[in-house]
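Trainee: In the working numbering, the protein residues as written are 367 to 501. I have a structure I would like to understand better, so I am pasting it below and will then ask my questions one at a time.
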Ligand code: AMP
Ligand code: ZN
């Protein structure tokens, strides 16, 4: 399979690597939204969150937390967004799971957002019966 993030994650294509272990690589994004914008890539291919094994899913948030702490200390950012897109409609352009870490600075022009809607009682009831998991 011709997946650029598989090649980067596994070291076949060089990248600006901030962290590597046997399962993950963290790299700098080539088109950063802000200074320090990084991507967490699993080495084993998963197209998106749905395909990501549970073990990787739990590790990825711990890595994000460690990297976020390092960014805050080293870059002095004022906040940070974690972004993870699944599917073209959601803005995914590279179909190998990745999590964005986007450091935020006072006055930056980064846009990660949506227009807030209003949850109606009817929709709330529909969603409560459709979406509950576990238990
Ligand atoms: P997404 O839109 O969530 O799929 O994000 C893909 C991200 O990958 C974008 O922010 C790109 O700038 C970044 N990207 C694409 N190719 C490379 C590459 N070769 N090295 C580093 N980042 C890349
Ligand atoms: Zn891949």
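Positions of the beta carbon are idealized from the N, C-alpha and C atoms, including for glycine. All values derive from a computational prediction rather than experimental measurement.
Near residue 471, which residues of its chain fall below 7 Å by C-beta distance, leaving aside the five closest residues on each side in sequence?
Mentor: Within the same chain, residue 471 has close Cβ partners 400, 443 and 444.
Trainee: From this set, 476, 408 and 367, which residue's C-alpha is nearest residue 389's C-alpha?
Mentor: Measuring from the Cα of residue 389, the nearest candidate turns out to be 408.
Trainee: Looking only at its chain, what residues have a beta carbon closer than 7 Å to the beta carbon of residue 372, apart from the 5 residues adjacent to it on each side?
Mentor: The answer, listed in chain order, is 411 and 462.
Trainee: Could you tell me if the beta carbon of residue 375 falls within a distance shorter than 8 Å of some heavy atom in the ligand ZN?
Mentor: Residue 375: yes, Cβ under 8 Å from the ligand ZN.
Trainee: Is the beta carbon of residue 370 less than 9 Å from the beta carbon of residue 433?
Mentor: Not a contact, by the Cβ cut-off of 9 Å.
Trainee: State the beta-bridge partners of residue 449 as determined by DSSP.
Mentor: Answer by DSSP bridge pairing, in chain order: 466.
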